[in-house]
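Here's the structure we're looking at; comments come further down.
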Amino acid sequence: MDIAQLKQISKVLNRNFFKELAEDVELINDSKESEEEVMKQKAVSQFLNVVPDILRKLGKSSAIVFSKLDEPGYEDCPTPDFGLSDYFITFTIGETLKERIGNCAALPIAPAFSDDGCMVEVCTNVVYRSVCVNVKLDYKTADEWYKFLAFAFETYTRFGRK
């Protein structure tokens, strides 16, 4: 809808929609996805701010790598967003790895739960017999991130990885 249409509707209905829009910016944002995107950006910012310190507290490397496939033909392949360079522990923004890639016989994904409610995913590559542990990247407090990361490393070790 353009400004002229909104002006005409305001006049016909005898209601100042411009004033309402100015007073409530949320009315302008009609896309739930945009609000969701803002929350994801805040979660990523918080993740990058908090997680390196927690990794150091755990005695682990704090190097975080970004996943981006630039090769032609792979741009739309569903991959994790971040990973820990010294471990096969990955992070997916706003969704689980299972939600992102779906069902794949070569990469079965199963959830693992800690006693205190943390959930990580164990992805087994049946072709190469390797294991990846994935953590959903959403907003967590520093204490929650500590618990999730400690559990991710426990799970990674439990499946025979160093």
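Per our numbering, the very first residue in the sequence shown carries number 1; after that it's consecutive. We put the CB at the ideal spot given by N, CA and C, even for glycine.
Between the C-alpha atoms of P111 and M119, what's the straight-line distance to the nearest angstrom? Numbered from 1 along the sequence shown, position 111 holds the residue referred to as residue 111. Numbered from 1 along the sequence shown, position 119 holds the residue referred to as residue 119. Their Cα atoms are separated by approximately 6 Å.
Given a cut-off of 7 Å on the beta-carbon distance, is the pair T92 and D81 in contact? Position 92 of the sequence shown, counting from 1, holds the residue named residue 92. Position 81 of the sequence shown, counting from 1, holds the residue named residue 81. Contact annotation: T92 and D81 have beta-carbon atoms nearer than 7 Å.
Let me know if L48 comes out buried or exposed under the rule of 16 or more other beta-carbons within 10 Å of its beta-carbon. By 1-based counting over the sequence shown, the position of residue 48 is 48. Label assigned to L48: exposed.
Between R56, E71 and Y146, which has its C-alpha nearest V135's C-alpha? On the sequence shown, residue 135 is found 135 positions in, with the first residue counted as 1. Checked all of R56, E71 and Y146; the closest Cα to V135 is Y146.
Could you tell me which residues DSSP puts in a beta bridge with A110? For this step, residue 110 is matched to residue 110 along the sequence shown. Per DSSP, V122.
Can you grab the Cα-Cα spacing for the pair I89 / C104, in whole Å? Mapped onto the sequence shown, residue 89 falls at position 89. Mapped onto the sequence shown, residue 104 falls at position 104. Their Cα atoms are separated by approximately 19 Å.
Specify the secondary structure class of F159 as computed by DSSP and reduced to three states. Translated into positions along the sequence shown, residue 159 becomes position 159. Coil at F159, not helix or strand.
Using CA atoms only, rank isn't needed, just tell me which of G94, Y156 and V50 is closest to V38. Residue numbering aside, residue 38 sits at position 38 when the sequence shown is read from its first letter. Cα-wise, what sits closest to V38 is G94.
Residue of Y139, S130 and D138 minimising C-alpha distance to T157: What you label residue 157 is simply residue 157 of the sequence shown in a count that begins at 1. Per the Cα distances, S130.
By the DSSP assignment, the alpha helix (DSSP H) with K60 in it spans what residues? Residue numbering aside, residue 60 sits at position 60 when the sequence shown is read from its first letter. It is not in any alpha helix (DSSP H) - K60 carries neither H nor E in the DSSP assignment.
Is the beta carbon of E121 sitting closer than 7 Å to the one on T155? As a first step, residue 121 must be located in the sequence shown, where it is residue number 121. As a first step, residue 155 must be located in the sequence shown, where it is residue number 155. Contact: no.
Between V127 and the rest of its own chain, which residues show a CB-CB distance below 7 Å, the 5 nearest in sequence each way excluded? Along the sequence shown, one-based indexing puts residue 127 at 127. A106.
Using CA coordinates, which residue listed in A152, D115 and K98 is at the minimum distance from G108? Here residue 108 corresponds to residue number 108 of the sequence shown, with the count starting at 1. A quick correction: the sequence has Pro, not Gly, at residue 108. Comparing Cα-Cα distances from P108 to each of A152, D115 and K98, the minimum goes to K98.
Can you give me the C-alpha to C-alpha distance between F153 and Y74, rounded to a whole angstrom? As a first step, residue 153 is located in the sequence shown; it is residue number 153 there, counting from the start. As a first step, residue 74 is located in the sequence shown; it is residue number 74 there, counting from the start. So the alpha carbons of these two residues sit roughly 29 Å apart.
Quick one, which of C123, K68, A150 and D116 has its alpha-carbon nearest I101's? Counting from one through the sequence shown, the residue named residue 101 turns up at place 101. The option with the nearest alpha carbon to I101 is C123.
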